[in-house]
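Here the structure is laid out as structure tokens; the discussion comes afterwards.
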Amino acid sequence: MEVIRATDLGIWFKLGKRKRTSVRSFVVGGFKRSPKESGEFWALRHVNLTVNAGDTLGIIGRNGSGKSTLLRAIGGIYPPDEGDVTVRGSVTTQFALGTGFQSELPGVDNIYLNGILMGLSKREIDGMLDDIIEFADIGEFIDIPVKTYSTGMHSRLGFAIAVNVHKDIVLIDEIMGVGDARFRKKCEEKMERLIGERTIILVSHDMNTIRRFANKVLWLDKGQIVAQGEPEEVIQRYLET
Amino acid sequence: MFEQCKNIWQRRELLFYLVTSDLKAQNRNKLLGFLWNFLDPLLLMATYIVLVAVIFDRGGPQFPVLLFCAILAWRWFTSSLSRSVTSVSSKVGVVQTTRFPLAVLPLAIVTSGLVDYFAGLIILLPLLFAFDATFSLHMLWLPLLLLVQLVGTIGAALICAVIGTYLTDWGNILQFGLRLWFFLSPILYSVEGTVPKRYETVFWLNPFAALMESYKNILVRGMPPSEYMVIPVGMAIIVFVIGVWYFGREERKLVKAI
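So, in structure tokens, the structure goes:
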């Protein structure tokens, strides 16, 4: 069964300073700022893809090729500027982590805050709280304000939340590189259990991660699809360039 | 529009968590913690008492308590607007990684300001006794006045959240505008006997003119709300409708603009 379909998907951004305007350009340019006038670039263009239930799609490509933008478009965070995306089922996004934290508050409060942001109810989080704390494995720091955390602890907590909140479709953006070797192993074991059970889209620069988990690979360059299909084939071509 | 309101209502638990974590975070690491909710308006009141009652020798015997009623309401309004300006852009991390109705961000700020307002009422009560306010059934109008202010503030906060995301200088413009608005509203003074007769009609066009006078009337003077309340009521509804519509239109584009 097909759960994700993108047809001729395109998303553009304004460049640099022009993303947000100052009063002068606001008054002069007025409220209507069309993409043509303000130096836009297409982060994604003419993207067509379908993902079936249970697939694990790996997305590869160089920095700035539109991988994260594609995940966000699928996650409904960026609306398409061109074309169309349809998604059947609920989606969780697991991006570069630790971002949603209210840094003045302890880890536990942030677990609730993040979980509820992701659309869970308090009761659901109550049920998984112990799992999350155990997975994060940051000891007594869980009761201390997040602003005192090290980068590693930050990511661990973020990953622990994301990985325990599972919906039909899981979007993962380069998070396997988080934490030390032991934590990484734990993450991979968790991933292994999800394969086939959920539909997963995985962005990574680590070809071993992609080889290990993905059954389909999509290669993006400058916002366009270069190739998609069998993992080994696409990865070979990508590595040759 | 109803669709949007329904969506927000479905995410009320999220709103609740945003408000409580906002309140908790504000008071953490402060020696006096929650006490600041009481101290802040009191100190502000003291400043203006020095200015108006001591230096200008005006305001009358009930001035402190009249001032306090108005300051509480004003504080709620200004803090809501100035904090809404950055409500979306300061949460860039969550906004760009999780899909949720962004309107909860400014809404949480307005709500947490309302909680501060209620905390202020605890201080108001002894002041009412101390300055010999007239207790009457008119006080029961308070929830309705607050509702009018809430509706208008939500609309304005939604608008500020959108413009503040697109326009980096909006915060500065707003600060200046709010300061001017403060002096144009009957907070430090009362309309009667202060505002020149020929300006009075124009003066009442400011929604805070009738609103502030009404707060003072019902809480201190034992009188019904101002007869000009129709202006704040009308404006609150208009601003609310515009705010919800504008935010709804821009919501998804905001994510890309940050």
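If you read the protein sequences in the order shown, they are chains H and L. Just so you know, our numbering puts 325 at position 136 of the first sequence, and the rest follows in order with no gaps. Just so you know, our numbering puts 278 at position 252 of the second sequence, and the rest follows in order with no gaps. Just so it is clear, CB atoms sit at the ideal spot from N, CA and C, and this is done for glycine as well.
- the region 194-203 of chain H contacting the region 263-282 of chain H, beta-carbon criterion three pairs below 8 Å: Three or more beta-carbon pairs separated by less than 8 Å link the region 194-203 of chain H to the region 263-282 of chain H, which places the two stretches in contact.
- Cβ of residue 197 (chain L) within 8 Å of Cβ of residue 108 (chain L)? Walking along the second sequence from the start, residue 197 (chain L) turns up at place 171. Walking along the second sequence from the start, residue 108 (chain L) turns up at place 82. Result yes, Cβ atoms of residue 197 (chain L) and residue 108 (chain L) sit closer than 8 Å.
- Message: Alpha carbons only, please: which of L:133, L:122, L:155 and L:44 is nearest the one belonging to residue 245 (chain L)?
- Response: Start at 1 with the first residue of the second sequence, and residue 245 (chain L) comes out as number 219. Closest option to residue 245 (chain L), Cα to Cα, is L:155.
- Query: In angstroms, rounded to a whole number, what distance separates the CA positions of residue 126 (chain L) and residue 317 (chain H)?
  - Reply: Residue 126 (chain L) sits at position 100 when you count from the first residue of the second sequence. Residue 317 (chain H) sits at position 128 when you count from the first residue of the first sequence. Spanning the two alpha carbons is a distance of roughly 21 Å.
- Query: Could you check where the beta strand (DSSP E) with residue 408 (chain H) kicks off and where it finishes?
  - Reply: Your numbering for residue 408 (chain H) matches position 219 in the first sequence. That run of the beta strand (DSSP E) goes 405-410.
- Query: Quick one: which chain L residues come within Cβ less than 8 Å of residue 388 (chain H)?
  - Reply: By 1-based counting over the first sequence, the position of residue 388 (chain H) is 199. Those within 8 Å of residue 388 (chain H) in chain L number zero; the least Cβ separation is about 17 Å.
- Task: Please determine, among L:261, L:260, L:241 and L:262, the residue with the shortest C-alpha to C-alpha distance to residue 252 (chain L).
- Result: Indexing the second sequence from 1 puts residue 252 (chain L) at position 226. Closest option to residue 252 (chain L), Cα to Cα, is L:241.
- Item | Same chain, Cβ closer than 6 Å to residue 314 (chain H), neighbours up to 5 away in sequence not counted | Here residue 314 (chain H) is taken as the residue at index 125 of the first sequence, counted from 1. Annotation for residue 314 (chain H): 301 and 304 place their beta carbon closer than 6 Å to its own, counting only its chain and skipping 5 residues before and after.
- Message: If I measure Cβ to Cβ from residue 29 (chain L) and keep anything under 6 Å in the same chain, skipping five residues before and after, which residues do I get?
- Response: As a working mapping, residue 29 (chain L) is identified with position 3 in the second sequence. Same-chain partners within the cutoff: there are none.
- Kindly indicate if chain L contains any beta-carbon less than 8 Å away from that of residue 298 (chain H). Taking the first sequence and counting its residues from 1, one reaches residue 298 (chain H) at position 109. Judged by the 8 Å Cβ criterion, residue 298 (chain H) is in contact with chain L.
- With 8 Å as the threshold, decide whether the Cβ of residue 306 (chain H) is near any Cβ in chain L. Looking up residue 306 (chain H) in the first sequence gives position 117. Yes - at least one Cβ of chain L is within 8 Å of the one on residue 306 (chain H).
- On the three-state DSSP scale, how would you describe residue 157 (chain L)? As a working mapping, residue 157 (chain L) is identified with position 131 in the second sequence. In the structure shown, residue 157 (chain L) sits in coil (DSSP, three-state: anything other than H, G, I, E or B).
- From this set, H:251, H:203 and H:293, which residue's C-alpha is nearest residue 228 (chain H)'s C-alpha? Here residue 228 (chain H) refers to the residue found at position 39 when the first sequence is read from its first residue. For residue 228 (chain H), the nearest C-alpha among the options comes from H:203.
- Message: With a threshold of 8 Å between beta-carbons, can residue 220 (chain L) be considered close to chain H, or not?
- Response: The sequence position of residue 220 (chain L) within the second sequence is 194, counting from 1. Closer than 8 Å to the CB of residue 220 (chain L) there is not a single CB belonging to chain H.
- Task: Identify the contact partners of residue 311 (chain H) in chain L, using a Cβ-Cβ distance below 7 Å as the criterion.
- Result: Sequence index remark: in the first sequence, residue 311 (chain H) carries index 122 (1-based). Going along chain L in sequence order, the residues near residue 311 (chain H) (Cβ under 7 Å) are 39.
- Sequence-distant residues of its chain with Cβ nearer than 8 Å to residue 150 (chain H) (five each side left out): Absent from the model: residue 150 (chain H). The displayed extent of chain H is 190 to 430, so no value can be given.
- Distance CB(residue 141 (chain L))-CB(residue 49 (chain L)) smaller than 8 Å: Within the second sequence, numbered from 1, the residue matching residue 141 (chain L) stands at position 115. Within the second sequence, numbered from 1, the residue matching residue 49 (chain L) stands at position 23. Between residue 141 (chain L) and residue 49 (chain L), the C-beta spacing is below 8 Å.
- Checking contacts by CB at 8 Å: is residue 353 (chain H) closer than that to chain L? The residue given as residue 353 (chain H) occupies position 164 in the first sequence. So no, residue 353 (chain H) is outside the interface.
- Query: Which one or two residues does DSSP pair with residue 238 (chain H) in a beta bridge?
  - Reply: For the purposes of this step, residue 238 (chain H) is identified with residue 49 of the first sequence, where counting begins at 1. Its beta-bridge partners are H:195.
- Message: Is the beta carbon of residue 59 (chain L) closer than 8 Å to that of residue 105 (chain L)?
- Response: By one-based count along the second sequence, residue 105 (chain L) stands at place 79. By one-based count along the second sequence, residue 59 (chain L) stands at place 33. Result no, Cβ atoms of residue 105 (chain L) and residue 59 (chain L) do not sit closer than 8 Å.
- Assign residue 292 (chain H) to one of three DSSP states: helix, strand, or coil. The sequence position of residue 292 (chain H) within the first sequence is 103, counting from 1. Of the three classes helix, strand and coil, the one that applies to residue 292 (chain H) here is coil, per DSSP.
- Query: Is the region 266-278 of chain L touching the region 173-192 of chain L in the sense that three or more CB pairs, one from each, lie closer than 8 Å?
  - Reply: They touch, by the three-pair rule.
- Query: Can you list, in chain order, the residues of its chain whose CB lies under 6 Å from that of residue 153 (chain L), leaving out five sequence neighbours each side?
  - Reply: The sequence position of residue 153 (chain L) within the second sequence is 127, counting from 1. Answer for residue 153 (chain L): 91 and 94, listed in chain order.
- Query: Do residue 133 (chain L) and residue 114 (chain L) have their CB atoms nearer than 8 Å?
  - Reply: Indexing the second sequence from 1 puts residue 133 (chain L) at position 107. Indexing the second sequence from 1 puts residue 114 (chain L) at position 88. Going by C-beta atoms, residue 133 (chain L) is not nearer than 8 Å to residue 114 (chain L).
- Message: Output needed for residue 261 (chain L): all residues of its chain with C-beta closer than 7 Å, excluding positions within five of it in sequence on either side, in chain order.
- Response: Residue 261 (chain L) sits at position 235 when you count from the first residue of the second sequence. Taken in chain order, the residues that qualify are 178 and 233.
- C-alpha distance - residue 73 (chain L) paired with residue 214 (chain L), whole-angstrom precision: Here the question's residue 73 (chain L) lines up with position 47 in the second sequence. Here the question's residue 214 (chain L) lines up with position 188 in the second sequence. The straight-line gap from Cα to Cα measures roughly 11 Å.
- Item | Members of the region 200-212 of chain L near chain H, C-beta cut-off 8 Å | Listed by position, the residues of the region 200-212 of chain L near chain H (Cβ gap below 8 Å) amount to none.
- Taking only beta-carbon positions, decide if residue 198 (chain H) is within less than 8 Å of chain L. The residue you call residue 198 (chain H) lines up with position 9 of the first sequence. False, the Cβ-Cβ gap to chain L never drops below 8 Å.
- Taking 8 Å as the CB-CB cut-off, is residue 413 (chain H) touching chain L? Reading the first sequence from its first residue, position 224 is the one you call residue 413 (chain H). With 8 Å as the cut-off, residue 413 (chain H) does not count as an interface residue toward chain L.
- Under 9 Å between beta-carbons, which chain L residues line up against residue 264 (chain H)? List them in chain order, please. Sequence index remark: in the first sequence, residue 264 (chain H) carries index 75 (1-based). Listed by position along chain L, the residues whose Cβ is nearer than 9 Å to that of residue 264 (chain H) are 123, 124 and 125.
- Sequence ranges, alpha helix (DSSP H) only - wholly within the region 300-388 of chain H, length at least 4: For secondary structure counted as the alpha helix (DSSP H) over 4 or more consecutive residues, the region 300-388 of chain H holds these complete runs in sequence order: 311-325, 340-353 and 370-383.
- Members of the region 330-361 of chain H that neighbour chain L once the beta carbon cut-off is set at 9 Å: The region 330-361 of chain H vs chain L, Cβ under 9 Å: 334.
- Query: When the Cα atoms are used, what is the spatial distance from residue 298 (chain H) to residue 429 (chain H)?
  - Reply: Along the first sequence, read from residue 1 onward, the residue named residue 298 (chain H) stands at position 109. Along the first sequence, read from residue 1 onward, the residue named residue 429 (chain H) stands at position 240. Straight-line spacing of the CA atoms in residue 298 (chain H) and residue 429 (chain H) works out to 47 Å.
- Query: In terms of residues, what are the limits of the beta strand (DSSP E) holding residue 85 (chain L)?
  - Reply: Translated into the one-based positions of the second sequence, residue 85 (chain L) becomes position 59. Taken as a continuous stretch (DSSP letters only), residue 85 (chain L) belongs to no beta strand (DSSP E), as it is neither H nor E.
- Nearest residue (CA-CA) to residue 68 (chain L), options L:149, L:143 and L:31: For the purposes of this step, residue 68 (chain L) is taken as the residue at position 42 of the second sequence. The option with the nearest alpha carbon to residue 68 (chain L) is L:149.
- Task: With DSSP as the reference, label residue 126 (chain L) as helix, strand or coil.
- Result: Within the second sequence, the letter at position 100 stands for residue 126 (chain L). In the structure shown, residue 126 (chain L) falls within a coil segment according to DSSP collapsed to helix, strand and coil.
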